[in-house]
Amino acid sequence: MSQKNTLFKYFSKSPAPRLSQGDARTPNGNGEITSSDSSQKRPTPSNKDVATPKSSKKPNGGTTNGRSTGKSVSAKKNGKSTKTPNEEKKSKPRKRILEEPQEEEPMDDSVEDPLDDLEDHDDSYVPDGSGSEDEESEGSGEDEDREPSADEENEESPDNKSSKRKRIKEPNRSSKKVKVSTPSAKAKSTPGKMSLNVSSSTPETGKSSFEEDGQNWTHLKNEFLKPGKIKDASGRSPSDPDYDCRTLYVPKDFILEQTPGMRQWWDLKAKHYDCILFFKVGKFYELYHWDAVTAVKELNLTFMRGAFAHCGFPEIAYGRFSAQLVDKGYKVARVEQTETPDMMDKRVKKMYKPTKFDKVVKREICQLTTKGTRVFTVADGEAREAQSAYLLAIMEKEIDNTKSTYGVCFVDTSIGVFHIGQFDDDRHSSRLRTLIATYPPVQVLHERNQLSKRTNQILSNAVASALKEALTPESEFWTATDTLIKISERKYFEEGIPETLKSFVGEEDVLGLTASADSELGVRCLGAIIWFLTRGFLDFQLLTLAKFEVYTPIFISRLPEEQKEKITLKNMVLDAITLKNLNIVDNGQGGSIGTLLHRIDNCSTPFGKRLLRHWMCSPSTSIQTIRARQAALKILRENTGLLSDLGTVLAKVPDLERLFNRIYAQSSKGLQDSHPDNRAIMFEEKIYSKRKILEFIAVLDGFASLQRAALLMQECKPCDDSELLVQCSHFPNHMTPGLFPDLEEHLNFFKKAFDRDEAEKEGRIIPSAGVDPEYDQAMEEMKEIEKETKKYLAQQCAQFSCKVVYVGKDKTRFQLEIPDSKVSKVSDDYELVGQRKGFKKFSTAETKSFLERQMAAEDLKLNVLASLRKRIFTRFIEKYEDWYAAIECMSTLDVLMSLATYSLSIEGDVCIPVFKEVDKVDQPFVNLVNGKFPCVTSEEDFIPNDTKLGDDGSASLLLLTGPNMGGKSTLMRQLGLLVIMAQMGCMIPAESLELTPVDRIFTRIGAQDDIMSGESTFFVELCETASILNNASAHSLVLVDELGRGTSTYDGTAIAAAVLQELSRMKCRTIFSTHYHTLVGSIKDNSGIALGHMSCMVETEEEDENGQEETVTFLYKLAEGACPKSYGFNAARLAGIPSHIIRSGSAKAKLLEEQALNRKVFRSIFSGTSPTAAIASL
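First residue of the sequence shown? That's 1 in the UniProt record's numbering, and the numbers climb one at a time after it.
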């Protein structure tokens, strides 16, 4: 039988030193783990049970403790005889490979399995440390120290069919992928991915879900992991309300039975039960037990041999595999070796009585990544999405059964800006819904069992894909006082607590340790975020950026009567309902195709895309701001050459905002000395170092591109006519109001600071003279030593009248080699240290001094170079304000360019909206002429329409009727989107648009029931309507589509009529569509309501002897007056309803119409109206 290697052999040892030629090993191939019972037998590939002794040493060969004893074992592969491991070692470099044989010989009873060391047998442990030193330091694979090529990730990828590092499936088990479950009882986190629950059995078989596919892993046999027996670290079962799903109880006696390496794994798993551990073993990340089962399913990896589940992949592939798991909702903990074998040996030698558990290299968690804590390090790779992904902490304090006060804190960890706020909300939680629609979270932290049912439903429905994490009150979800104390004690801020944070502190507290009453919940949410970031080793990196902003909901309740004449908000309010109904940033299917954002977004930079989204969700209400943007767009639109050149320059710019944070994290300001990553032994450090250098160079090139874009703008004389363009591109001086910093001096410094080509090639920075004083000192000392040694050597040559040279290396350098014929001239100052034929070697006080000084200078140089990259990055970070000012200016320019590019893509009419001051008109109005739907592409035909509300004494409310599918909803959406675009400063597809600013857009369009919240269609309609009536002002735009359709005709008509009258009284600009034609008659005497309909052409065709059929042609044109019918049967025919059903329904409709007409005539007659007059009035 061919004997196979196992990666897990490494666990009871330290990382492997480079093996000598004679140390080839032939590990056993069955890969099973024995139990602690030495009599237990294991299955072999030949389906025989073979007893395996714990420790066996055969003089004629075999494997003992994973080491070769000389016997060659052969196997056949693909019909050909393979070489023995020793023969292969001579012919090619050693690879860390597990080959899968086609035929295997029965295992020799006397051959020890290399996995026996996992059983931790007492008889193989020598407590006094007298055991084999090699045994204590062997690795799990033959190539633990082999250096891979730069593209090894592709070659060694476990999911590559031609992988060098093959995995072996268990021969006696099914080859199916194992269904993933985590051995835990019911979970309290996100179902599916973050959930830690597993059903105890399957209904069909009663087996564990792990056993469904024929697997019977060893971890399934552990009593403490069986369903119903899971406990957290404190011994609480999942049924306990205080159960901590992040920890796991592991019995002490079980821990003591483990090998040193496995003990490390279980210790970490017990504290991070909710995470998948990427456990570093040599150059590979290994996954064990149920983590391996998950990885096999989700990452398409393959199990390695053995009774315990395990798999793995090369270090260089970490970014790809961790990203896949995190995208699917898992937490990934990166466990690194933080000690070399030499460091371990030194540590052990200093210990009084080291145990076997001390004789293993240290490992620590260096990074814990979730959906909400991604920072995209060089190991992680680049962010795939430009838009922000927020980590949100939320706390609720119920005011009564219908209203609550919320505290929030949210942050995009890849950028590092913390938003903190506290606000009261209405019974519909409108402010909370708007927050999560505007700043969509990917992970939500909340205090355990403290959120109301209403809030839980909102989070489950509005952000269904976000991970939810319950934190324990006080210990994890800190109190406000604890939060402020910890911020102060941990010294996150060199220059004191930022002013924004100080605004949350009570004025009476001079120590700054008590939050004010109106911000206590917000500060507590900040504490929860800090606790969570601390767990992931990110708190120092993000908080020291000191970027905090106060979050204030952008809308308020209806203004008091005395303030109705003014707009007090700086930005238009678009709540969650409006963002959804108008498809502004999300199309309702989790994407952006077909949305306004998708149509307008032509930004070149990721940070420009983020700003565009912000402008779109919060359009300006300031006419001055809007006009400044319009003026800038007009100039850019008229200078297409400039627009093209700028686009070319900015298209090459990377995501500087995120890359800046990555560089910050590698500087002395962003990474604590105590951070475990500073101790991590990365086998691909050279590759990572090169990536860091390349990223830094990319950032410098990116800022150079921003500088070039600014200079291009400065050369454009027409741009000087726009104050906004001047601010975005001109340098600050007394002549212009420029805000763009001149980066030339900064860029030149870093351009000359080091040789870029050398840095890119070698992955390290060698500073130029004058850049780093310590490096200059070391180099100057070395030059001085070189000068002195040459001078001294010349003196020696003159003294001995012959050629004298320096010999030696390392610690024997600067020895004087003198011919034997001249040795007689040597004085007592010369010390003989060596000789060779014809020559003697001497040292003197001077040469010893040279050596001592040279070694000190070299040590200084090495130490300087080791920390130089960090110091260069720190030097870069010191210009933080200038770099960020440049990003902000160019993001604004990028958005303006995007809007200008959109305007150039419009076919047909395009206009600059004209805004009128509110105090200079009789009432708020909007007058749109030939407007088109903005989200259609240029190839599509679209009928333009006029919309006039409140202008020149016209009615502010339009009651809109028309046939089904006639375009009513589209007309309303069109007006809403064009108004949003206008207040962004964008040109629009229309002949003209005049209006006064809109402070808020309300929509009630296309309601549906909310099953998860237990809310019917009609209730959803009424909630949206209530929000309109409670919060709309005269400056609002209201779009109501078919109110009342979720209940009976009479109730719906009555409610619609009452709401219609109230909106007319409020005089807000409104389009109110309906199919309740009786409403038309109820508003005849109301001059504040105008009638309109979507016109159509109706043709009557002879069908057969049973009747006629109406054919409706939609004209999609708004016309004055009411439409007599909705022509619903035409929609039924288009939908494919059988014709006989349509005829039957049409006949019934005619009968009902006649009955209704008769009732109306009779009521008119009995009221005293003559029959002729009654009929004429209908």
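By construction, the Cβ of each residue, glycine as well, lies at the ideal position given by its N, Cα and C atoms.
- Counting C-beta pairs closer than 8 Å gives three or more between the segment 1070–1088 and the segment 944–960, which meets the contact rule.
- Looking at 353, 1044, 1002, the one whose alpha-carbon comes closest to that of residue 1027 is 1002.
- Spanning the alpha carbons of residue 920 and residue 995 requires a straight line of approximately 12 Å.
- In terms of Cβ geometry, residue 245 and residue 408 do not form a close pair [threshold 8 Å].
- Positions of the beta strand (DSSP E) runs, each at least 3 residues long and wholly inside the segment 250–315, are given as 275–281, 284–288, 310–314 in order along the chain.
- When the Cα atoms are used, residue 672 and residue 540 turn out to be separated by approximately 7 Å.
- Excluding its 5 nearest sequence neighbours in each direction, residue 427 has C-beta neighbours in its own chain below 8 Å: 402, 403, listed in chain order.
- Under the 10 Å beta carbon count, residue 678 is surrounded by fewer than 16 other beta carbons and is classified as exposed.
- By the criterion of a C-beta distance shorter than 6 Å, residue 927 is surrounded in its chain by 948, 951, 994, once the five residues flanking it on both sides are discounted.
- Using a Cβ distance threshold of 8 Å, residue 989 and residue 932 count as a contacting pair.
- Closest in C-alpha terms to residue 469, from the list 462, 442, 490, 461, comes 442.
- Contact annotation: residue 840 and residue 820 have beta-carbon atoms nearer than 8 Å.
- In the assembly as shown, residue 501 is a buried residue. Its beta-carbon has 16 or more other beta-carbons within 10 Å.
- The beta carbons of residue 639 and residue 718 sit closer together than 8 Å.
- Per DSSP, residue 385 has no beta bridge partner at all.
- In this structure, the beta-carbon distance from residue 611 to residue 388 does not fall below 8 Å.
- Scanning the segment 962–1034 from its first residue to its last, the whole beta strand (DSSP E) runs of 3-plus residues come out as 992–995, 1000–1004.
- Of 515, 436, 415, 588, the smallest CA-CA separation from residue 543 is found for 415.
- DSSP, read as helix, strand or coil, puts residue 1050 in helix.
- In this chain, the alpha helix (DSSP H) harbouring residue 773 covers 773–800.
- In this structure, residue 1114 lies near residue 965, with their beta-carbon atoms less than 8 Å apart.
- A straight-line Cα-Cα distance of about 12 Å links residue 984 and residue 632.
- In the structure shown, the three-state DSSP call for residue 1086 is coil.
- In this structure residue 520 is buried. Its beta-carbon is surrounded by 16 or more other beta-carbon atoms within 10 angstroms.
- Distance check between residue 1111 and each of 713, 233, 1097, 230 places 1097 closest, using alpha-carbon atoms only.
- Listed in chain order, the non-local C-beta contacts of residue 535 below 7 Å within the same chain comprise 368, local neighbours out to five positions each way being set aside.
- Among the bridge pairs identified by DSSP, residue 469 is matched with 445.
- Contact between residue 429 and residue 455 holds, with the beta-carbon distance rounding to 7 Å and staying under 8 Å.
- In the DSSP assignment, residue 550 falls within the unbroken beta strand (DSSP E) covering 548–550.
- Rounded to whole angstroms, the Cβ separation of residue 594 and residue 602 is 16 Å, and the two are not in contact under 8 Å.
- The beta carbon of residue 683 is closer than 6 Å to those of 283, 315 in its chain, skipping five residues each way along the sequence.
- In chain order, 219, 309 place their CB closer than 6 Å to the CB of residue 289, counting only its own chain and leaving out the 5 sequence neighbours on each side.
- By the Cβ test, the segment 646–665 is not in contact with the segment 623–632, since fewer than three Cβ pairs between them sit closer than 8 Å.
- Straight-line measurement puts the Cα of residue 838 at about 13 Å from the Cα of residue 802.
- In this structure, residue 247 lies away from residue 276, with their beta-carbon atoms at least 8 Å apart.
- Between residue 334 and residue 311, the gap from beta carbon to beta carbon reaches 8 Å or more.
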